[in-house]
Amino acid sequence: MLMRMSSLFLRTLREDPADAEVASHRLLVRAGYIRRAAPGIYTWLPLGLRVLAKVERIVREEMVAAGAQEVHFPALLPREPYEATGRWTEYGPNLFRLKDRKEADYLLAPTHEEMFTLLVKDLYSSYKDLPVTLFQIQTKYRDEARPRAGLLRGREFVMKDAYSFDADDAGLDASYAAQRDAYERIFTRLGLDYVIVAATSGAMGGSRSEEFLSPTAIGEDTFVRSPGGYAANVEAVTTPAPEPMSFADAPAPTVVDTPDAGTIDALVAVLDQVAPRADRAWQAADTLKNVVFALTQPDGTRELLVVGLPGDRDVDVKRLEAAVAPAEAEPAGDSDFAKHPGLVRGYIGPQALGQAQAAEGQDAVRYLVDPRVVSGTAWATGANADGKHVIGLVAGRDFTPDGTIEAAEVRAGDPAPDGSGPLELARGIEIGHIFQLGRKYAEALGLKVLDVHGKQVVVTMGSYGIGVTRALAALAEAHHDDRGLAWPAHLAPAQVHVVATGKDAAVLAAAEQIAVSLSDAGVEVLFDDRLKVSPGVKFADAELLGVPVVVVVGRGLAEGVIEVRSRDGSEARQVGVDLALAEIEQRVAALGTQR
RNA sequence: CGGGGUGGGGCGCAGCUUGGUAGCGCGCUUCGUUCGGGACGAAGAGGUCGCAAGUUCAAAUCUUGUCACCCCGACCA
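Sequential numbering from 70 applies to the first sequence in the working numbering.
Rendered as structure tokens:
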């Protein structure tokens, strides 16, 4: 494989594109791998396409090795299957929708659960046909509210999605484990650092769910991990609840006047004035903050939810939404408060909330508390009257919430739920997500098989995704420096970049011979044979493009030597021309091209 | 959807406050010189200044409207 830069369809940019912020976006555009076609939609140029193909190949090989079989669905799909599972509605504005000439509804698939399920239903009807795992590498479409960071969050992207079909739960566990192993092998082969974190399955439904994250400061996902090995997406972190305490000796609650104490900070300051504690100053953590949210269900139903949590913590809306999925949550607005005059802004207390506290014949506002608010804990909180708070209000004695909810922010230093130590927070790019879908789609679409007893059983499914283009971007994030990209050898568009410098015909001829010989020996070669391009430009381009081994044929040729150096700067060596080929091939082999 | 910003040759930008008929760098073309770290000289090609309406003798510049795009927050591979 020999690509001559004199004719390669490539234009590198000297300056960063104005719209690119993150390194992968900047460099992939500058190096001529991709071009923006529309917001969140990119064209693949020859070099980029080569890298993409190599990433895809690894994914494909490991899927096949794990026993999955490749199929390929259309990206353009009819509405009906998505109507059947409710996703035509649930997916909302993120779904690309279009109509054909007969005004029939179509969509550009965001994922293909429905189609896989229907395909298996179409052809299989016995437990003896199972298990089976199918996959495809397909272009997916999501009309993201805000595409950004180039390939990291596009509206069109390449995804490998796989689905397993089993007759029983044990089978699903085995299929899930096989995919999980395959994912570990894939990301290892890609040379992409990853952490596996517990995840929420979100609106997709299902039980066990894990995400593969590539750790990086620019990642959009926040996850936690503990020294003892616990790792989870923040949305999935559970809060260890303290033991309930006895409230036998707790004093009765007292209402105190707290003018202008509509915020926790103000309340703490006021309490130190009007009701100082004997032991120490009041702290935000002594207060119970009650935050009102409006939940909107997919069917449009709107309902209020009050979340009670220690005053030193804020509500993490992402975690809240994960907890109330598929409903969406937003802070309650003026109109919501207008409908519930019992809610006194800034002075809301649990005595007026929840089923247990609701007055006769009155609608209760749902009240869920942070797991730290266990029975027996005493709080300073609102008294449901302007300018008044109550202190010493005891959970389980003076009020009973409707339940607990994981909605409070997770902070560094919080204990891991499994007791494995304090949590640290980090960011990552979600490059893979596997989860046990269970029977949701099979149920909705009627995928059943006959079991050994001749009885119909609903098939149970797993769903396994890898963002292929996103993984490529994550690789670019992980492998670059301020001069450009620096691909792992087995993913680079070529293994060797031969640069011919100078105007000497002998130099060009020698470089040509080396390039051709390498190519004949099976090495992928990028050959900078451009005339009238100065050495500086060629070197800069080589660094920008990121091919791992750079061979410079130039002024040293007069003394019979050429230079072999690595893109990562770890090595640069003068080699005799006669030994050059062997040296280069050895270097390529050492880089593990065949990983 | 909320907030901020930008629309001008292929790319990156100045010009707008104070209206006078579009400029700089890179890239591109030709010739010459140069040739191991983004060379130099000379001569060129290339622009409806997002769109629409308005004000004016005159609009990239002022006014109104509109569209698009980008960035920061709520969603996902």
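Every residue gets a Cβ at the ideal spot worked out from N, C-alpha and C, and that includes glycine.
Query	Result
Nearest-angstrom Cα distance between L506 and G155?	15 Å
For a test of the three-state rule: what should DSSP assign to V337, helix, strand or coil?	helix
Give me the Cα-Cα distance between D487 and Y299, rounded to the nearest whole angstrom.	7 Å
Over what stretch of residues does the alpha helix (DSSP H) that includes D238 continue unbroken?	238-259
By Cβ distance, which residues of its chain are closer than 6 Å to W351, with the 5 residues on each side in sequence left out?	V337, L340, D341
Just to confirm, are V567 and A542 a CB contact at a threshold of 7 Å?	no
Going by beta-carbon coordinates alone, are A561 and V621 separated by less than 7 Å?	no
Which one of D598, A590, R634, L600 has the shortest CA to CA distance from E654?	A590
So for H94, helix, strand or coil by DSSP?	helix
With a floor of 4 residues, list each alpha helix (DSSP H) that falls wholly inside the stretch 353-410, ordered by position along the chain.	386-393, 403-408
Quick check on the DSSP output: what are the complete beta strand (DSSP E) runs of length 3 or more inside the stretch 440-490, in order along the chain?	447-454, 457-463
Report the start-end ranges of each alpha helix (DSSP H) in the stretch 158-182 that is 4 residues or longer and not cut off at the edges.	none
Reducing DSSP to helix, strand and coil, say where L577 ends up.	helix
According to DSSP, is G605 part of a helix, a strand, or is it coil?	helix
Would you say the stretch 522-535 touches the stretch 219-235, given that touching needs at least three Cβ pairs under 8 Å?	yes
D318: which of W556, R148, V463 sits nearest, CA to CA?	V463
Would you mind sorting F78 into buried or exposed? The rule is 16 or more other CB atoms within 10 Å of its CB.	exposed
Whose C-beta lies closer than 6 Å to the C-beta of G415 among residues of the same chain, with five residues either side of it excluded?	G331
What is the C-beta distance between V459 and V324, in whole angstroms, given that I count them as a contact (C-beta under 8 Å)?	5 Å
Determine the burial state of K509: buried for a count of at least 16 other Cβ atoms within 10 Å of its Cβ, exposed for fewer.	buried
Checking the sheet assignment: what are the DSSP bridge partners for Y210?	E225
Taking DSSP as the reference, what is the three-state secondary structure of L188?	helix
Name, in chain order, the residues that DSSP records as bridge partners for R217.	R222
Look up M72 in the DSSP assignment and give the residues it is bridged to.	L595
What does the alpha-carbon distance come out to for the pair R552 and A137?	40 Å
For the stretch 127-141 and the stretch 246-266, state whether three or more C-beta atom pairs, one from each stretch, are separated by less than 8 Å.	yes
What separation, rounded to the nearest whole angstrom, lies between the Cα atoms of E390 and D290?	15 Å
Do three or more CB pairs link the stretch 304-323 to the stretch 394-414 at distances below 8 Å?	no
For V585, name the three-state secondary structure that DSSP assigns.	helix
Taking the alpha helix (DSSP H) that H569 belongs to, which residues open and close that run?	Note on identity: in this sequence residue 569 is Ala, with His being the wrong assignment. No alpha helix (DSSP H) contains A569, which is instead part of the beta strand (DSSP E) from 565-569.
Between the alpha carbons of M273 and T186, how many angstroms are there, rounded?	Because the pLDDT at M273 is just 49, under 50, the model does not fix this residue reliably, and the value given afterwards should be weighed accordingly. Roughly 14 Å separates the two Cα atoms.
Once the 5 residues before and after E182 are set aside, which same chain residues still bring their CB inside 6 Å of it?	Y510
Counting only the same chain and skipping the five closest in sequence on each side, list residues whose C-beta sits under 8 Å from that of G402.	A363
Which one of V361, V602, P410, G369 has the shortest CA to CA distance from V384?	V361
On the three-state DSSP scale, how would you describe I287?	coil
Take V91 as the anchor and find which of G465, L220, P179, L357 has the nearest alpha-carbon.	L220
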